[in-house]
Structures are given as structure tokens and as C-alpha cells.
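Residue numbers (the working numbering): 21 to 461. I have placed the structure first, in the form of C-alpha cells, so that the comments after it can refer back to it.
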Amino acid sequence: MSVAGLKKAAHETVAGLPREFWWLWTSTLVNRLGAFVATFMALYLTLDRGYSASYAGLVAALHGLGGVVSSLGAGVMTDRLGRRPTMLIAQLSTAVSVAVLGFMVHPVAIAGVAFVVGMASNASRPAVQAMMADIVRPEDRVRAFSLNYWAINLGFAVSSAGAGFIAEYSYLAGFLGEAALTLLCAFVVFLKVPESRPEAAPRAAGTPPPDDVRLVTVLRDGRYMGVVGLSFLVALIFQQGYVGLPVAMGTDGLSASDFGTAIAVNGVLIVALQIPVTRFIQHRDPRRLLILSSMLAGYGFGLTAFAGSVGVYALTVCVWTLAEIVNAPTQTGIVVQLSPAHGRGRYQGMYTMSWSVAALVAPLMSGFVIDHYGAAWLWGTCAVLGTVAAAGYWLLMRNLDLPEPVVAASRVPEDRAVAEEPVVAEGPVVAEGRVVTEGAV
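Below, the structure written as C-alpha cells:
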């Protein structure tokens with residue numbers, strides 16, 4: 021492609037998105053640049069503090085459990101308090117708890133604070149995704165979610181490399197550095213990101229207000245919960261790249277640096293291909309994309325059963341990374357389309373929880389299968405899960421008519437107001453921009 025063609029493609033990728041989105045995008049990038057704890061917690065506990073691998077696994081599990089607990093609570097806060105306050109509370113709490121974690125010495129204290137860090141660091145996700153859905157036009161959402169996912173991976177790639185050098189000097193400096201960058205992220209949100217929670221639509225005098233969306237409303241939304249369940253299966257597959265893959269490579273006699281080389285392909289491909297692939301898929305049927313990405317994920321990991329060298333492992337990473345690139349923005353876009361505007365926080369919280377639970381289950385699953393049956397059975401299980409997820413998406417969405425956008429009131433400035441969608445069948449009924457349920461819960 022010529023230089024002019026590249027400039028045109030770059031312009032089309034970023035054009036048309038509101039200024040508020042780019043400040044939110046910037047806060048995401050800054051936040052991921054400070055991702056020290058999630059990357060180096062195990063090494064910190066085993067090498068620096070001298071604890072056992074079992075204890076390090078326990079702390080990692082508690083960190084993940086904190087994310088599971090906060091997913092639904094943060095979703096409720098997003099709808100009740102607003103997107104901006106929830107993000108600020110989450111980011112300030114993360115900064116404080118990460119800094120405190122760096123000074124903890126007693127094993128019980130470390131485990132307890134790690135649980136709090138997991139809760140705080142995960143709490144902003146429903147709010148960020150809900151705000152993006154609020155401020156970005158429906159036709160641009162896949163592109164926006166893809167750009168945000170790209171920022172997450174770019175920040176993580178840079179932070180992983182930089183944090184490695186910091187860890188050689190001082191793990192405490194890494195904790196304090198993450199706390200400082202998280203505070204900077206909160207500062208950007210406070211100064212530049214306005215609240216976007218949709219306002220209630222006006223109603224006739226004497227008409228009772230419609231009921232709010234409750235968590236039980238989300239649970240009763242059969243089609244949406246089906247999507248959440250399928251998301252869990254796909255997330256369970258992708259998590260094996262970080263829990264099952266290093267163990268399998270180790271049993272093949274490969275070193276930690278060999279695993280680092282193979283998994284680095286994932287980050288490089290996402291940074292290089294996320295934007296061009298999104299340009300290719302953004303106007304295509306999301307149902308087919310979800311089916312395709314599920315199959316690619318399952319069989320990409322399934323091919324790992326035939327790997328025995330770093331090069332072959334890297335090739336399998338290429339396959340499931342392509343699935344990840346397609347699945348991430350498409351899945352998030354479907355979640356938004358199935359979520360009523362006034363319940364986006366709770367709906368996004370339930371979706372976030374599916375990934376948090378997968379992060380808890382994946383290590384248990386890989387450890388049990390590898391110990392009792394061997395790594396080949398783990399990769400065969402991934403292929404089966406990918407097939408089941410693809411079939412599930414086909415069954416669940418074959419009669420789904422994705423809604424046409426309609427105008428809804430919002431606190432976004434009028435020149436940036438975007439269209440909203442009604443909820444599809446089996447979800448709460450939308451009337452005049454508000455969600456109507458059958459009764460308060």
C-alpha cells in the first residue's frame with residue numbers, strides 16, 4: 021500500500037469519533053502502561069519475597085476473585101452513580117491499594133490487599149464500556165471498541181517490557197509507578213471526560229416512572245445470558261494461552277524465554293493487525309464473525325497438541341490471536357446492542373464477570389487436565405469448547421434481528437448526541453428511552 025493509501029486508511033480509522041472517546045482512550049492507554057501487578061505478582065512473591073509457588077497461586081486466585089466480586093457491584097454503580105463517578109472511585113481505589121500492596125510483608129496481609137486490588141482494578145471496566153456505548157454512534161462502535169482493545173494491548177506490551185527493567189531495580193518502584201499512572205488516569209477522567217449516563221425521557225403528568233433495570237432483569241434476559249455463557253466458554257479458551265500454554269511448553273523441555281518468545285507473537289499481532297482487521301470486519305455480519313472466531317480460537321489451541329518447537333507453538337499463537345482480534349470488538353458490540361441504555365452498567369458488569377470467572381476456572385481446568393490426562397487432552401478440550409461456542413452462537417442468533425438505532429436523550433453534548441437502540445426480543449422493553457420491566461425487584 022502506498023503512503024497516501026496508508027494515510028487514508030489511518031484517517032478513516034480514527035475519523036468521526038467524538039473528542040470524549042479519545043480522552044477515554046487515552047485514560048485506558050495510561051492505565052495499561054502501569055500494569056505491573058498483574059504481570060509480575062508471581063515473580064515478586066516467589067523471587068523477591070521467597071514464598072512458594074502454591075502461595076503465589078493462591079494470591080493470584082484471590083486477585084481474580086476480587087474481580088469477580090466487583091464486576092456486578094461496579095455494574096450497579098455505573099447505572100446508579102454514573103459512569104464517571106464509578107471510574108474515578110475505581111481508579112483512586114486501585115492507586116491506593118496497589119501502593120499499599122507494595123509495602124505489605126505478612127502473607128495474610130498480602131493476600132487480603134491483593135483481593136482488594138483485584139476488586140478495585142476490575143471495577144472500572146463496566147463503566148468504561150458503558151460510556152463508550154453512550155458517546156459513540158452505533159455504526160462506529162465496533163471500530164471504537166477495537167481501538168480501545170488496541171490501546172489495552174499496546175499499553176500492556178510497553179509496560180511488560182519496561183516493568184521488567186524496573187523489577188530488576190526494585191519491585192516497590194513498580195508498585196508505586198503503577199499507583200502513580202493510575203492516579204494520572206483518574207486525573208484525565210476528572211478533567212476531560214464528562215458524564216454520559218442517559219437521562220430519563222420526559223413522561224406525561226401522572227404517569228408513574230418505569231422500573232429501573234435490576235440484576236434480576238439481566239438474569240431473566242435469556243438471550244443475553246446465553247451470550248454471557250458463550251463468552252465464558254470463549255474466554256476459557258483464550259485464558260489457556262497464559263495458564264496452560266507455559267505449562268505445556270515446559271513439559272516439552274522448552275524454557276520460560278521460549279514461552280516469552282511464543283506469547284510475544286500475540287501482542288505483536290494484535291498491535292499490528294487489530295486496526296486493519298477491524299476495518300475489514302466492521303460492516304460484516306457480527307453473528308458470522310462470532311461463529312468464525314470461536315472456531316478459530318478452539319482449533320487454534322487444538323493445533324497446539326501437534327506443536328513441539330518454539331516455531332510451531334508460535335504458529336498456533338498466530339491462529340488463536342486472529343480469533344481474538346475478531347472476537348473482542350465484535351463480542352463487545354453485540355453486548356451493547358442487547359443492553360438497554362439505562363441498564364448498560366449491569367449488563368456490562370455481567371459480561372465482565374464472565375471473563376473474570378473464566379480467569380479463575382482456567383488455571384484449575386488446565387492443571388487438572390494436564391496432571392491427569394496430559395496436555396494433548398487440554399488442547400482437544402479447547403477444540404471441543406470452540407465448536408460448542410460456535411454452535412451456540414449459531415443457535416442463539418440465527419433469528420436475531422439486530423435493532424435499528426433510534427434517538428435517545430443523553431447528557432452527552434448535543435453536537436455529539438448519538439442514537440440508541442431498542443432492546444431486542446426476550447430483553448426488557450424500551451419505551452420512550454426508558455426501560456420498562458414487569459415489576460420492581
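Heads up, the beta-carbon is just placed ideally off N, CA and C, and yes, glycines get one too.
- The alpha carbon of residue 172 has as its nearest neighbour, out of 298, 52, 44, 86, the alpha carbon of 52.
- By the Cβ rule, the segment 103-113 does not count as touching the segment 187-200, because fewer than three pairs are nearer than 8 Å.
- If you ignore the 5 residues before and after residue 382, its C-beta comes within less than 7 Å of the C-beta of 256, 259, 260, 263, all in its own chain and listed in chain order.
- Residue environment analysis places residue 190 among the exposed positions, since fewer than 16 neighbouring C-beta atoms fall within 10 angstroms of its C-beta.
- When DSSP states are grouped into helix, strand and coil, residue 124 belongs to the coil group.
- When the five nearest sequence neighbours on each side are left out, the beta carbons in the same chain lying within less than 6 Å of the beta carbon of residue 71 are those of 65, in order along the chain.
- A distance below 7 Å between beta-carbons, with the five flanking residues on each side excluded, links residue 314 to the following residues of its chain, in chain order: 254, 406, 409, 410, 413.
- When secondary structure is reduced to three states using DSSP, residue 54 falls in the coil class, being assigned neither helix nor strand.
- For the pair residue 115 and residue 202, the CB atoms are nearer than the 8 Å cut-off.
- Within its own chain, the residues whose Cβ lies closer than 7 Å to the Cβ of residue 267, once the five positions on either side in sequence are excluded, are 386, 390, listed in chain order.
- Within the segment 126-176, complete alpha helix (DSSP H) segments of at least 4 residues are found at 127-142, 145-155, given in chain order.
- Annotation for residue 195: the continuous alpha helix (DSSP H) segment containing it runs 191-212.
- Secondary structure of residue 360 (DSSP, three-state): coil.
- Apart from the 5 residues on each side of it in sequence, residue 375 sits with its Cβ closer than 6 Å to the Cβ of 255 in its chain, given in chain order.
- For residue 370, the CB contacts under 6 Å within the same chain, skipping 5 residues up- and downstream, are 238, 248 in chain order.
- Runs of alpha helix (DSSP H) with 4 or more residues, each lying fully within the segment 33-116, are found at 39-53, 57-63, 73-100, listed in chain order.
- Annotation note: the segment 234-271 contains the following uninterrupted alpha helix (DSSP H) runs of length 4 or greater, listed N- to C-terminal: 235-240, 242-271.
- Closest by C-alpha distance to residue 140, out of 128, 126, 112, 122, is 112.
- For residue 307, the CB contacts under 6 Å within the same chain, skipping 5 residues up- and downstream, are 417 in chain order.
- Residue 146 sits close to residue 365, with the two beta carbons spaced by under 8 Å.
- As summarised for the segment 314-400, the continuous alpha helix (DSSP H) elements at least 4 residues long and confined to that stretch are 330-357, 364-392, given in chain order.
- Taking all protein chains in view, the Cβ of residue 275 is surrounded by fewer than 16 other Cβ atoms within 10 Å, so the residue is classified as exposed.
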